[in-house]
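These notes concern the structure reproduced below.
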Amino acid sequence: MKLNLDFYKGEDQYSDGDIEDVILQYTQNYTEDKMADVFKNDMRWPVFYHLTNIRKNIINWYPMKKNASVLEIGAGMGAITSTLCQKAGRVVCVELSKRRASAIANRNQTCENLEIIVGNLNDVTFNEKFDYITLVGVLEYANLYTYTENPYVDFLNSIQKFLKKDGKLLIAIENKFGMKYFAGAPEDHSCIKYDGIIGYPQKNRSAMTFGKQELKNLLAEVGLKYTKFYYPLPDYKLPNIVFSDDYLPNEKTIQNYMVYYYEGTKIEFDEKLAYQQAIKNGVFDIFANSFLVEASSKKINTKIDLQKANYVPITKNEQAFYDKDYTK
Numbered sequence: 024m025k026l027n028l029d030f031y032k033g034e035d036q037y038s039d040g041d042i043e044d045v046i047l048q049y050t051q052n053y054t055e056d057k058m059a060d061v062f063k064n065d066m067r068w069p070v071f072y073h074l075t076n077i078r079k080n081i082i083n084w085y086p087m088k089k090n091a092s093v094l095e096i097g098a099g100m101g102a103i104t105s106t107l108c109q110k111a112g113r114v115v116c117v118e119l120s121k122r123r124a125s126a127i128a129n130r131n132q133t134c135e136n137l138e139i140i141v142g143n144l145n146d147v148t149f150n151e152k153f154d155y156i157t158l159v160g161v162l163e164y165a166n167l168y169t170y171t172e173n174p175y176v177d178f179l180n181s182i183q184k185f186l187k188k189d190g191k192l193l194i195a196i197e198n199k200f201g202m203k204y205f206a207g208a209p210e211d212h213s214c215i216k217y218d219g220i221i222g223y224p225q226k227n228r229s230a231m232t233f234g235k236q237e238l239k240n241l242l243a244e245v246g247l248k249y250t251k252f253y254y255p256l257p258d259y260k261l262p263n264i265v266f267s268d269d270y271l272p273n274e275k276t277i278q279n280y281m282v283y284y285y286e287g288t289k290i291e292f293d294e295k296l297a298y299q300q301a302i303k304n305g306v307f308d309i310f311a312n313s314f315l316v317e318a319s320s321k322k323i324n325t326k327i328d329l330q331k332a333n334y335v336p337i338t339k340n341e342q343a344f345y346d347k348d349y350t351k
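Structure, rendered in structure tokens:
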């Protein structure tokens, strides 16, 4: 494992606050296989979000080419980094925050195929191109770090130069028409109910997500016209199960995920019941809570039997996170 500070300018531009010092300490004291022990006494959302191994379910079923190279942009505190290291021949993480990068390093000390670069992607230079680039919870923030009239287009164009001709971009992002938002969950970034559904009317927004067709159009605009959509539930952050256009849910399999919402959320209806109606009418994909999108300039031939996908089991300590009543 190599920690590269060549592009670090001495300040952390993105953070969840001082609680990250607590999380960093946990990464020093707990190994990955024992991380769920943290939740016996600390179930605060940032702690759970950054440290639960459930996060790995967004990528652990995805087949990568043997000895593949991966660029992980916005690696956070390393939720999926170890999984990428197990799958690929070489992994390069780029993370704005030195504190977060330190957490990644703590969690992956034995990974000899990992390089962690601290700094703004716009300042980083590479001497290689990659088979895969991952943007997990990153694209929606493009306007914060790309200062142009079309930040989402320009950001995607800028990272394409790091992708091999037959390479694939993997994007995990919320769907602004996700069923949970109709049920009353506030938009994940603005915390405003129905914000994405009505088109983000506030001009000074920190982030923006997209519907399925919008996202397809955006990717096609930058030359990534071939896409495959996957539908992690309850969302890409804490996926219990993943569907796809080749493996859509039915009224039975839609029950196979565990719902959660942010503290204080008042839910108006059971989203699983609403999904049953969406399934009957063939529009589940339009209302999926979030997407994992596989995008390329070349035809995609990835074959995955999601019915046989293996997911990280939920421990007893993690189960407590889901055992809440969101109707009150």
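24 is the number of the first residue of the sequence shown in our numbering; add one for each residue after it.
Think of the CB as a built atom: it goes at the ideal place given N, C-alpha and C, for glycine as much as any other residue.
All of these numbers come straight from a predicted model, not from anything done at the bench.
- Restricting attention to beta strand (DSSP E) runs no shorter than 3 residues, the stretch 248-317 encloses them at 249-256, 264-267, ordered along the chain.
- Taking all protein chains in view, the Cβ of Met-87 is crowded by 16 or more other Cβ atoms within 10 Å, so the residue is classified as buried.
- Ala-195 sits in a strand when the DSSP states are folded into three classes.
- When DSSP states are grouped into helix, strand and coil, Phe-233 belongs to the strand group.
- Taking a C-beta distance under 9 Å as the contact criterion, Glu-341 and Ala-59 qualify as a contact pair.
- With a contact defined as Cβ atoms closer than 8 Å, Ile-42 and Val-61 miss out at about 13 Å.
- By the criterion of a C-beta distance shorter than 7 Å, Thr-171 is surrounded in its chain by Asp-177, once the five residues flanking it on both sides are discounted.
- Leu-186 is positioned such that its CB atom lies no closer than 9 Å to that of Phe-252.
- Annotation: the continuous beta strand (DSSP E) that includes Asn-27 extends over 25-27.
- The beta carbons of Asp-146 and Phe-233 sit about 27 Å from each other, so the pair does not count as a contact at 8 Å.
- Taken through DSSP and simplified to helix, strand or coil, Glu-55 comes out as helix.
- By the CB criterion at 9 Å, Thr-104 and Asn-143 fall outside the cutoff.
- Judged by DSSP in its simplified three-state form, Arg-113 adopts strand.
- Under the DSSP assignment, Asp-177 falls in the alpha helix (DSSP H) whose first and last residues are 174-183.
- The Cβ atoms of Tyr-284 and Ile-290 sit closer than 9 Å to each other.
- Here Asp-293 is exposed: its Cβ has fewer than 16 other Cβ atoms, across all protein chains shown, within 10 Å.
- Here the alpha carbons of Asn-90 and Asn-324 stand approximately 18 Å from one another.
- Where Ser-125 is concerned, there is no enclosing beta strand (DSSP E), although the alpha helix (DSSP H) around it starts and stops at 121-130.
- Look at the beta carbons and you see the stretch 214-224 not touching the stretch 237-252: under three pairs across the two are nearer than 8 Å.
- Distances from the CA of Lys-203 to each of Leu-256, Ile-46, Lys-121 were compared; the closest alpha carbon is that of Leu-256.
- Going by C-alpha positions, Tyr-37 is about 16 Å away from Ile-139.
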